[in-house]
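In our numbering, the protein residues as written are -13 to 411. In what follows, a single structure is set out as structure tokens and then discussed.
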């Protein structure tokens, strides 16, 4: 029989959010809604267990209403015969005096013998039984005792002699995982820590990007339950798993988040001559993104390329007004507009033919591309970004020449950006 469970992590219930007040309030609510959806899914699918790989909440921010919501969710699951196995993370450590140590989730009235909170750094196995009392799997888990766990907890996980599927549960930074460097190095682990031959699956938390953390091994991050800001893009939710003894389980993604952060590149707007027309053009782009899913959107719009509106949109107040207009139109919960790659339209070839200071600058640039002596004369003694220490002294002049030529790529646009667009703002 397969051991069927839902893998969740990094819920961060009631976390701090950035952005506009309405966005912060909606995201706090969305995180709780995503949790409730996960509970409903586990019950509807008649799963054996829900595994939470740390950071269920942020310790100092946990309010009484959210604590009661957690208790109610656990009670709903156990009433349906579903196990809840929760390993403490760095935001919700299980040491004495911390909020996780005070959560009375194992109380019989709530747990019914089907709840285990891993508060200790020492791994411990828990045998999971179904509603008929038949053993279906073993979960080995460990938790963070403090909010700065520096030990490699994964290496202490034991090899078990059992015919049941074994699942590891841990909040850890796997050094080889994508975007691991964006998270604190807590309970750091390496790929070799997970090479236990009889573990069918590892349910991990800490890194917020859903991924297989170790190639060729069943080691997975579920990602966080609800994107919290513009860096946490795409659908968010949990992983549903069917683990069997003697094999590596492959999870399936289930979306739960009601709000989806996305980034859209907006190009081809050189013919859009008014802000009203720009609003209409942006709505068309956003509507296309909305059709990709059912979630409410929170967006970063990257406006790129030539536009007659570029000088105006460099003004922060103008961008804010544009963002607010899009929000008022109901296209998204939140909109952030980035115009760093937007520029005013210009005809470089025409400027090359028109007597001006710019013409002289362009001629100098072209001459520098052809004449090595001029490049050397123009170049400063120290070049930012050029590592002379890593170049053989005999090859230094040639290496500098190549580096200088690379710096000249696209420099005409940079000159126009500084000379024309800055004047227009």
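Ideal Cβ placement from N, Cα and C applies to all residues, glycine included.
- In this structure, the alpha-carbon of residue 70 lies about 19 Å from that of residue 17.
- A distance below 6 Å between beta-carbons, with the five flanking residues on each side excluded, links residue 175 to the following residues of its chain, in chain order: 138, 140, 158 and 160.
- Between the segment 291 to 309 and the segment 255 to 264 there are three or more inter-stretch CB-CB distances shorter than 8 Å, so the stretches are counted as touching.
- Distances from the CA of residue 112 to each of 118, 93 and 155 were compared; the closest alpha carbon is that of 155.
- Just so you know, the alpha carbons of residue 239 and residue 371 end up roughly 42 Å apart.
- Taking C-alpha positions only, residue 320 is separated from residue 347 by approximately 43 Å.
- Taking a C-beta distance under 8 Å as the contact criterion, residue 317 and residue 272 qualify as a contact pair.
- Listed in chain order, the non-local C-beta contacts of residue 124 below 8 Å within the same chain comprise 111, 112, 113, 114, 146, 148, 150, 151, 152 and 153, local neighbours out to five positions each way being set aside.
- A Cβ-Cβ separation of about 12 Å leaves residue 398 out of contact with residue 329 under the 8 Å criterion.
- In this chain, residue 267 is not harboured by any beta strand (DSSP E); it is covered by the alpha helix (DSSP H) spanning 261 to 276.
- Spatial neighbours of residue 344 in its own chain (CB-CB distance under 6 Å, excluding positions within 5 residues in sequence) are listed in chain order as 337.
- The beta-bridge partner set that DSSP reports for residue 320 consists of 284.
- DSSP places residue 389 within a helical segment (H, G or I) once states are collapsed to three.
- For residue 115, the uninterrupted beta strand (DSSP E) run begins and ends at 110 to 115, by DSSP.
- For residue 16, the uninterrupted alpha helix (DSSP H) segment begins and ends at 7 to 30.
- The residue from 84, 78, 63 and 117 with its alpha-carbon nearest to that of residue -2 is 78.
- Counting other Cβ atoms within 10 Å of its Cβ, residue 41 reaches 16 or more and is therefore classed as buried.
- In the three-state reduction of the DSSP assignment, residue 36 falls in the strand class, which pools E and B.
- For residue 128 and residue 369, the gap between their C-alpha atoms comes out near 50 Å.
- Of all C-beta pairs linking the segment 261 to 271 to the segment 210 to 229, fewer than three are shorter than 8 Å, placing the two stretches out of contact.
- Residue 325 sits in a strand when the DSSP states are folded into three classes.
- Less than 8 Å separates the beta-carbon of residue 269 from that of residue 315.
- Within the same chain, -9, -8, -6, 24, 25, 28, 63, 68, 69, 70 and 71 come within 8 Å of residue 36 by CB-CB distance, once the 5 residues on both sides are set aside.
- If you draw a straight line from the Cα of residue 307 to the Cα of residue 214, it is about 23 Å long.
- Put simply, the backbone Cα of residue 223 is about 18 Å away from that of residue 3.
- Counting only residues of its own chain and dropping the five nearest sequence neighbours on each side, residue 179 has a CB closer than 6 Å to the CB of 140 and 141.
- Runs of alpha helix (DSSP H) with 4 or more residues, each lying fully within the segment 338 to 380, are found at 343 to 356 and 358 to 364, listed in chain order.
- For residue 85, the three-state secondary structure derived from DSSP is helix.
- Inter-residue distance for residue 205 and residue 198 is about 6 Å (C-alpha atoms, whole angstroms).
- For the pair residue 89 and residue 233, the Cα-to-Cα distance works out to about 35 Å.
- In the displayed model, residue -12 falls within coil according to three-state DSSP, outside both helix and strand.
- Restricting attention to 208, 279 and 58, the CA atom closest to the CA of residue 237 is found in 208.
- Leaving aside the five residues that flank residue 212 on each side, the residues in its chain whose CB is nearer than 6 Å to its CB run, in chain order, 16, 17, 20, 222 and 243.
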